[in-house]
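Asker: Residue numbers (the numbering used here), protein chains in the order written: chain A, 1 to 69; chain B, 1001 to 1136.
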Amino acid sequence: MVTIRNEIRRLRFEHGEMTQQELADKIELTRQTVNAIEQGKYSPSLEAAFRIAAVFGTPLESVFHYSED
Amino acid sequence: MPFREKSAWISLLSMSGIYGIYFGSVIHAGPQAGFHSGNLLGTIIALVVVQVVLTVAAAIAAPKEAKAPRDEREKLIELKATRVAYSGLATSVALACLFGAFNPPIVFNTNALLFILVTAEVMRSGCQIIQYRRSA
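(1) Taking its Cβ as the centre, do 16 or more other Cβ atoms sit within 10 Å of residue 1027 of chain B, making it buried, or is it exposed?
(2) Quick check: the Cα distance between residue 1021 of chain B and residue 1108 of chain B, rounded to an integer number of angstroms?
(3) Within its chain, find whatever has a CB closer than 6 Å to the CB of residue 5 of chain A; leave out the 5 residues flanking it on each side and keep chain order.
(4) What first and last residue would you give for the alpha helix (DSSP H) that runs through residue 1028 of chain B?
(5) For the region 1055-1069 of chain B and the region 1006-1019 of chain B, state whether three or more C-beta atom pairs, one from each stretch, are separated by less than 8 Å.
(6) How many angstroms separate the CA atom of residue 1121 of chain B from the CA atom of residue 1002 of chain B?
(7) Per DSSP, which residues does residue 6 of chain A bridge with? Please list them.
Have a look at this one:
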């Protein structure tokens, strides 16, 4: 099974305890979508993934990890 | 509950409830009854009023969400739900066409097609709700 894990929750807290809503506003997604991405229930588009990485000023692979279980 | 999910619930419940009453009266009237054009007009008016009032109330409760355009996840949910509903619609219409070969009364055909349309819309809203719940 293919899973995509992410570090969004940790990164949010390392960036001034950014809320899901604040991140959602910056990347033009809804708070519910940010929550779904964070919980691994929704895989974002490549564009949205790059926007998330850009907000945290970090490479894409530092935010998302691909693994085959 | 997010605004889009509320909208789906409004659509699902209002269509099920109001058209449920209409189809109940059609079944009760029996196959020999005429086309309930008056009832149908009343049903459509009631549906529009209920949906507009409830959607406006939901938008007032969450104005920012209501104004925001759908994001990629919401668009995907809508597309998946539409695909499921379309499959049901296409299959049901094909079956209705086959049944039409047996020359049923026009009243039956008209109400059957209306029922298929309503069911497809209810399926669409239902699928949206399931997907919103799964990824909540």
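Built from N, CA and C at the ideal position, the CB exists for glycine as well.
Since the structure is predicted, the reported quantities are computational estimates derived from the model, not experimental observations.
Answerer: Let me spell this out:
(1) exposed
(2) 17 Å
(3) 65
(4) 1003-1029
(5) yes
(6) 20 Å
(7) A/64
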